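Terminal number for the sequence shown in this note's numbering: 798, no gaps in between.
Glycine included, each C-beta is placed from N, C-alpha and C at the ideal position.
Just so you know, these numbers come straight off a predicted model, no measurement behind them.
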Amino acid sequence: MILPLVSEREEMMQNPALHYHQLSSYERSKMDSHALDWENEPSVYKEYPGGEVFPIPLEVKMPPVSVFELFQPQLREENPPPLSFDLLGQIMLLAEMLTGRARHANGEIWFRSVASAGALYPCELYVACPGIAGLSAGLYHYRVKKPALVQIRTGNLLPELFEASAPDESRLVFLVSAIFFRSSWKYRDRAYRYHLLDSGHLLENLLLALRAFSFAAQVESNFDDQRVNDVLAVDSRREACLALVRVPFTPPAATETAVPLSPADGLSRRSQVAAREKFYETIQQIHQATSSSLLSGRKKVPVDDFWSRYRPVAGQSDKEIAPPVTVNEVCSYPDVLLHRRSRRNFVSDEPLSTSSFHVVISLVAEAVASPSFASLGLTCGFLVGSVAGTEPGFYALKTADQSLTLVAAGNFLSHMAHACLDQRWLGKAAVHILLFTDLTALENAVGARGYRDVMLAAGRLGQRLYLGAAALELGCCAVGAFYDREAVEVLELPESTNLLYLLAVGPVKK
């Protein structure tokens with residue numbers, strides 16, 4: 289009996305996240321040349337001509353605070369000041385700002401406080417405001433080039449965004465979207481990975497900004513896609529919302545809850561960022577597949593079971609992860625945002641200090657163990673190359689008992705650099721942080737939408753490491769481009785393992 293072949297479309301429907309991840313994987317023998325069309329380079333700034341503009345002052349008015357304190361929500365009291373336009377402007381500026389300029393053969397580029405693959409910055413940030421001091425009810429787009437909020441719709445959006453919104457509930461809603469062509473112009477089918485990772489970078493910055501002013505916040509990725517994109521008035525073939533952040537607050541005495549939402553005439557045209565845009569069917573398919581709601585009664589994807597198949601190296605005992613007593617910060621928040629860069633000029637002859645390594649471990653361990661991350665099956669391993677007092681090797685981060693276990697001895701960094709498109713500078717880093725998961729187990733537990741969640745989480749972790757490294761005056765550079773199967777084979781990981789993100793950290797040339 290000959291079994292019928294499963295078509296690619298059927299496979300996509302059965303396990304869309306896994307299928308997309310495999311389809312967008314790089315293979316050394318199948319890489320083709322791809323010349324960038326510089327005459328059709330997408331704009332990295334979205335504009336809304338005609339909208340009322342509310343300029344945001346560039347000065348941040350807040351006392352310095354340790355960024356490591358902001359990484360720990362339990363250390364911050366939820367007692368925010370009264371919300372106003374001035375305060376909201378500060379939050380937007382801290383979420384994303386321009387930090388420096390560089391020139392290249394085809395022009396110039398402004399870097400930002402958020403990391404972005406290829407500095408293509410696909411993400412946009414909006415806020416739905418129910419009416420606060422200095423700002424009427426409406427939908428606002430954050431203009432990052434000359435910081436301002438631009439009103440693009442008037443009226444109360446909460447009933448439109450959330451069908452079950454309580455009439456007396458007051459909250460801000462931040463919306464993070466991605467414009468697909470900005471990344472697919474360079475990365476083609478693989479771009480949806482970067483849309484999610486870059487959205488995670490922006491999410492983490494936004495959450496830190498809210499925490500700095502003592503606001504509670506809830507990240508929401510399981511929303512009605514069509515409803516939200518309709519409210520944003522975007523062209524959903526070109527741009528789509530990937531995450532929301534809800535922020536409850538005490539409203540002013542008079543809140544404009546009854547103002548109807550204004551029409552969205554012509555706004556969707558603003559999602560186009562180049563004269564000729566190519567629509568990648570693979571990206572459209574995975575985005576549509578992950579638009580379905582998370583499975584009800586979602587299960588937790590086991591993480592520590594993954595490490596049970598590895599035996600610790602003989603003679604090695606687990607290292608308990610304990611937050612460092614002191615952290616030698618070179619700069620504090622918000623200055624650390626201005627210093628964030630993708631730095632890759634690592635120096636191999638200077639080991640990472642024990643204290644700095646403990647900080648890096650704690651940054652990752654605290655996040656991975658948090659309730660919002662723990663259910664996703666996001667697994668973390670460390671490739672140690674040059675760390676004072678630590679044997680080189682592959683270490684497992686076990687969240688259940690907050691420990692680090694050596695599961696394979698040896699320096700694997702040069703091998704991983706080879707698997708990461710032969711980027712040799714990776715071999716000079718002190719440590720690689722690897723984020724991976726089992727996409728089949730994830731989809732079985734929560735459905736295809738879980739792919740968005742786990743990639744957003746990986747992006748948030750990446751931004752956290754970028755800022756932590758900047759505060760310690762270390763280099764940090766994230767890598768989302770690698771020969772997928774080779775990277776897994778370097779560490780002899782199971783075939784079901786999917787590498788999501790790699791971050792290199794270590795001392796750099798001053």
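With DSSP run on the structure shown, which of helix, strand or coil describes residue i?
| i | result |
| --- | --- |
| residue 739 | helix |
| residue 482 | helix |
| residue 792 | strand |
| residue 728 | helix |
| residue 537 | coil |
| residue 681 | strand |
| residue 488 | helix |
| residue 614 | coil |
| residue 559 | helix |
| residue 339 | coil |
| residue 293 | Because residue 293 carries a pLDDT of 47, less than 50, the predicted location of this residue cannot be relied on, and no value is offered for it. |
| residue 608 | strand |
| residue 360 | coil |
So residue i and residue j are in contact, right, with Cβ under 8 Å, and what is the actual spacing, rounded?
| i | j | result |
| --- | --- | --- |
| residue 648 | residue 756 | 7 Å |
| residue 800 | residue 743 | Lying before the first or after the last residue shown, residue 800 is absent from the chain, which here runs from 289 to 798. |
| residue 793 | residue 736 | Contact doesn't hold; Cβ gap of about 32 Å is too wide. |
| residue 385 | residue 625 | 7 Å |
| residue 537 | residue 330 | That pair is no contact at about 35 Å. |
| residue 728 | residue 306 | 6 Å |
| residue 336 | residue 429 | 6 Å |
How long is the line joining the alpha carbons of residue i and residue j, rounded to whole angstroms?
| i | j | result |
| --- | --- | --- |
| residue 471 | residue 556 | 19 Å |
| residue 440 | residue 516 | 15 Å |
| residue 396 | residue 390 | 6 Å |
| residue 636 | residue 674 | 7 Å |
| residue 539 | residue 376 | 14 Å |
| residue 291 | residue 772 | With a pLDDT of 42 at residue 291, under the threshold of 50, the predicted position of this residue should be treated as unreliable, and no value is reported. |
| residue 493 | residue 382 | 7 Å |
| residue 521 | residue 447 | 15 Å |
| residue 404 | residue 789 | 13 Å |
| residue 398 | residue 509 | 29 Å |
| residue 572 | residue 697 | 42 Å |
| residue 313 | residue 349 | 45 Å |
| residue 392 | residue 324 | 14 Å |
| residue 321 | residue 750 | 28 Å |
| residue 500 | residue 344 | 18 Å |
Are the CB atoms of residue i and residue j nearer to each other than 8 Å?
| i | j | result |
| --- | --- | --- |
| residue 740 | residue 484 | yes |
| residue 529 | residue 463 | yes |
| residue 413 | residue 519 | no |
| residue 262 | residue 761 | Any property of residue 262 remains undetermined from this structure, which presents the chain solely from 289 to 798. |
| residue 634 | residue 795 | yes |
| residue 768 | residue 568 | no |
| residue 754 | residue 355 | no |
| residue 801 | residue 665 | The structure shown has nothing for residue 801, since the chain only spans 289 to 798. |
| residue 372 | residue 422 | yes |
Who does residue i pair with in a DSSP beta bridge?
| i | result |
| --- | --- |
| residue 314 | 771 |
| residue 588 | For residue 588, which the question treats as bridged, DSSP gives no partner whatsoever. |
| residue 698 | Paired residue(s): none; residue 698 is not in a bridge. |
| residue 420 | 423 |
| residue 462 | 415, 533 |
| residue 430 | 437 |
| residue 716 | Paired residues: none, contrary to the question. |
| residue 634 | 796 |
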